[in-house]
Amino acid sequence: MMTKITPLIMILVGGYAVYKGSFEYGLWVNKGPGGGFLPAVMGVLLILASLILLMKKEAKVAYQRKNFAPVFAVFIVLLFIKYLGMMIACGLFIVAWLKYLEQYSLGRASAIGIGTTVAIYLVFKVWLNVPLPTGVLGT
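Just so you know, the sequence shown maps onto residues 264 to 402 in this note's numbering.
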């Protein structure tokens with residue numbers, strides 16, 4: 264029974280994403296996809312994947328602390344976005360992930376983190392002119 268709780272929670276999360284995307288953000292605006300299109304599509308995919316997991320035969324699962332590292336890391340990034348902004352928070356997340364979970368050297372992890380942050384900045388801020396959260400630093 265315990266392994267069925269997570270897919271049930273994910274169905275609720277997916278339903279919430281579909282609702283927000285469809286009704287609050289606008290699924291289709293001015294003859295094109297609106298801001299809610301991607302959340303709605305991802306919500307539907309999350310629901311479908313969760314339903315598949317619910318239909319599978321229950322297997323014995325060993326819960327370990329290290330399995331929750333990604334969830335904890337994303338939670339920390341979401342907190343940091345508010346204070347440091349999207350670019351810095353994501354860059355630090357990439358560096359920390361590569362250094363501590365993937366065992367990259369600090370130099371290599373930093374180079375990849377900086378490169379990815381620069382790429383995100385160029386694509387979203389410069390070319391697409393998408394406003395990203397800036398945090399208290401205004402970056």
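Ideal Cβ positions, reconstructed from N, Cα and C, are used throughout, including at glycine.
Close CB contacts of G277 within its chain, under the 6 Å cut and outside five residues either way in sequence, are with G306, L309, I310 (chain order).
In the assembly as shown, T269 is an exposed residue. Its beta-carbon has fewer than 16 other beta-carbons within 10 Å. Annotation for V399: no alpha helix (DSSP H) segment contains it, and DSSP assigns it neither H nor E. In this structure, the alpha-carbon of V381 lies about 33 Å from that of R328. The C-beta separation of G289 from G298 comes to about 6 Å, placing the pair in contact by the 8 Å criterion. Taking 4 residues as the shortest admissible run, the stretch 365 to 391 contains the following complete alpha helix (DSSP H) segments, listed from N- to C-terminal end: 369 to 383.
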